[in-house]
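Colleague:
Numbering (this note's numbering), first residue to last: 158 to 730.
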C-alpha cells in the first residue's frame, strides 16, 4: 500500500495525549489549591511537581505507538478525573463556607482526611447509587423495570458476545419477575430452517410435550401487520397459539407482540398473566410493544454483527491468500534472480575467463616465436591485446550485471554492507546510516534492499544534482517489532497528490506487501523526496525457494581451464 503523508503520523494522537495530561494537571492543581487554602496537603513545591508530572508523562507517552492508539480512551479517562476533581473542589469549598473561616492550625490534620473522604465518595457515588436503586426496585413488588432498563441490560450482554439463547432467557426471566407474569414465550428464527420456532418458555413446563409447529410464511405475513394483540385477535387470525389454553378450559390473560424490523418478523414475544391477577393495561401493552421493538433492533444488530464477522473472516482469508500469492511471486522472482546470477557466474563468465586465458596463451606464444625488427609491433599481437582488453571488460560488465541481479554481499554480510556497496556505484553522493541491524530472513532483506535500490535509481533519474541519505532502523522489542527504512534526497521534490504511481513504486509496494509491509512516499515541490517503508519482524519468516543443482560447463571449456588455469591467473581475478 502506498500512502501520501502530508503530516507527521500520530500528531493528532499526541495532541490528545497532551490535552489529557493538561486536564489531569489542572485537576490536580485545583485540588491542591483548595486543600492549600484550608491549610492541608503537601508543601507547595510537592504539589507543583505532582501537577507537572501528568504533562511530562503525556509528552513521553506520545512516543509510544501503543499509547497513541489508545489516546481516545486516555482522554475520556482524563475527563472522568476532571469531574472527580471538580466534585472534590466543590466539597472543599462548601466546607470552607460552612465553617465561615479558615481552619485553625489544630484543625489542619482533618483537611487531608476530608479530602480523601470526598474523593472516595465522588468515585463510588455513581456505581453504588445505580446498584442501590436497582435493588430497591427489585425489592418492591409493584415496581417494574422499564423497557429501557430491560433492553439496556440485554444490549450490554449482547455486546459482550453472550450467546443468543442465554440473552433471550435472561430477558424472559426478567420480564416474568418484574412484570409478575405466569409465563413468557419467545419465538425466534432458526438458521437454515423455515418459519418462526418457539425456542424458549419460562418457566419450563413440568410435562414434556412436543413443541408446536413453527409459524409459516402466511402466519408471519399476518404478524407483520399486527401490533400488541390479545386472545380475541389470536382466535381470529392465529387460533393455534391459544389452542392449548382453550383445550385446558383456562382463560389466562394473554398478549403477544411481534418483533418486526424492516418488514420482517425476527421474533415473537407471548406473555401470560393469571386470570385473577391485575388486568393488562394500556401502559402494560405499550411497554410490551416497546420491548418487542427494542428486541427486534438488538436481534437485527446481532444478525448484522454476525454477517460482518463472517465478511471480515472472508476478507482475512482473502487477504492471507493474496499475501501468500504475492509472497510466492516475489520468492519465485528472487529465486530466478539467483539462478540467473549463478548461471552467469558459472556459465558465461567462465567461458569468457577461459577465452581470456586462451588469448593470453596465444599472445605469449606469438611474442616468443615471432622476431621482428626493433621498434615495430606485430599487428597480430595488437589485435590480440585488443581482444584481451575486450574480454576483460566483458567479464567486468558481466560481474556487475550478476551482482545487480542478486548481490552475494547481501547474502553474506547483510543489508548495511550491501547498501553501502550499492551507494558507491551510484552517481549521487549517497550516505548509508545502518547501525545496530541484526540479520533477518533472506526474503525480508531482499525486499528492503531492492526497494532502497529502486529509490536510489529514481533519485539519480529525477534529482541528478542532489545528495541522498539512506536510513535503516530496527525496533526489535515487543509485539510491534519492525524494520524501517527511508531514502531521502535533496532534489526538487514533486506533488504526490497529483502524481501517478509508476511501475517502480508499484514494484516496491508489491515487494513489501508480500511480507506484510507498507510503503510511503512523502514529497513536496522544493522540499525533496522521501521513500520510506516498514516491515514487521514478528512471526516466522516465509520459506525462501531456492534452485539447487550443479552447473555443467562445456567439455572444451573444462579442458582449457585444466590446461591453463594452473600457469596463468584468470584476467581480472
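Yeah, the Cβ is synthetic: ideal placement off N, Cα and C, and Gly gets one too.
Source: prediction; values computed, not measured.
Sort out for me which residues DSSP pairs residue 731 with in a bridge.
Modeller: Limits of the chain in this structure are 158 at one end and 730 at the other, which puts residue 731 out of reach.
Colleague: With 16 other CB atoms within 10 Å as the buried threshold, where does residue 373 fall?
Modeller: Exposed, because fewer than 16 other Cβ atoms sit within 10 Å of the Cβ of residue 373.
Colleague: What residue range does the alpha helix (DSSP H) around residue 408 cover?
Modeller: Per DSSP, residue 408 belongs to no alpha helix (DSSP H) and is neither H nor E.
Colleague: Cα-Cα, which of 659, 336, 217, 186 is closest to residue 203?
Modeller: 186
Colleague: Pull up the CB-CB distance for residue 428 and residue 321, whole angstroms please, since I reckon it's below 8 Å.
Modeller: Not really, about 20 Å apart at Cβ, beyond 8 Å.
Colleague: Taking only the alpha-carbon atoms, compute the straight-line gap between residue 674 and residue 692 and give it to the nearest angstrom.
Modeller: 4 Å
Colleague: To which residues does DSSP link residue 689 through a beta bridge?
Modeller: 643, 677
Colleague: Exposed or buried, residue 472, counting other C-beta atoms within 10 Å across all chains shown (16 or more means buried)?
Modeller: Residue 472 comes out exposed.
Colleague: Can you name the start and end residues of the beta strand (DSSP E) that residue 353 belongs to?
Modeller: 353-359
Colleague: Note down, in chain order, each residue of its chain lying with its Cβ closer than 7 Å to the Cβ of residue 376, except the 5 sequence neighbours on either side.
Modeller: These residues qualify, in order along the chain: 395.
Colleague: Alpha carbons only, please: which of 641, 236, 543, 621 is nearest the one belonging to residue 590?
Modeller: 641
Colleague: What is the residue span of the alpha helix (DSSP H) that residue 589 lies within?
Modeller: Per DSSP, residue 589 belongs to no alpha helix (DSSP H); it is in the beta strand (DSSP E), 586-590.
Colleague: Mind the definition here: the segment 238-248 touches the segment 175-195 only if three or more C-beta pairs lie below 8 Å; say whether that holds.
Modeller: yes
Colleague: Can you tell me which of the three DSSP states residue 462 falls into?
Modeller: helix
Colleague: With DSSP run on the structure shown, which of helix, strand or coil describes residue 705?
Modeller: Note that residue 705 has pLDDT 35, beneath the 50 cutoff, so the model's placement of it is unreliable and no number is given.
Colleague: If I follow the unbroken alpha helix (DSSP H) through residue 213, where does it start and stop?
Modeller: 201-218
Colleague: What would DSSP say about residue 521, mapped onto helix, strand or coil?
Modeller: helix
Colleague: Assuming residue 571 and residue 596 form a contact by the criterion Cβ under 8 Å, report the distance between their Cβ atoms to the nearest whole angstrom.
Modeller: Cβ-Cβ separation between residue 571 and residue 596: approximately 5 Å, consistent with a contact (criterion under 8 Å).
Colleague: Do you know offhand how far residue 247's Cα is from residue 677's?
Modeller: 51 Å
Colleague: So what's residue 433 in DSSP terms, helix, strand or just coil?
Modeller: Residue state, collapsed to three classes: coil.
Colleague: Within this structure, are the beta carbons of residue 644 and residue 613 separated by less than 8 Å?
Modeller: Cβ atoms of residue 644 and residue 613: closer than 8 Å.
Colleague: Determine the burial state of residue 255: buried for a count of at least 16 other Cβ atoms within 10 Å of its Cβ, exposed for fewer.
Modeller: exposed
Colleague: First and last residue of the alpha helix (DSSP H) that includes residue 631?
Modeller: Here residue 631 belongs to no alpha helix (DSSP H); instead the beta strand (DSSP E) covers 624-632.
Colleague: Given that a residue counts as buried once 16 or more other Cβ atoms are within 10 Å of its Cβ, and exposed if not, what is residue 282?
Modeller: exposed
Colleague: Determine the direct distance from the alpha carbon of residue 338 to that of residue 433, and round the result to whole angstroms.
Modeller: So the alpha carbons of these two residues sit roughly 12 Å apart.
Colleague: I'd like to check one pair, residue 544 with residue 606: are the Cβ atoms closer than 8 Å?
Modeller: With contacts defined as CB atoms closer than 8 Å, residue 606 and residue 544 fail to qualify as a contacting pair.
Colleague: Who are the near neighbours of residue 454 in its chain, counting only those whose CB is closer than 7 Å to its CB and skipping five residues on each side?
Modeller: 418
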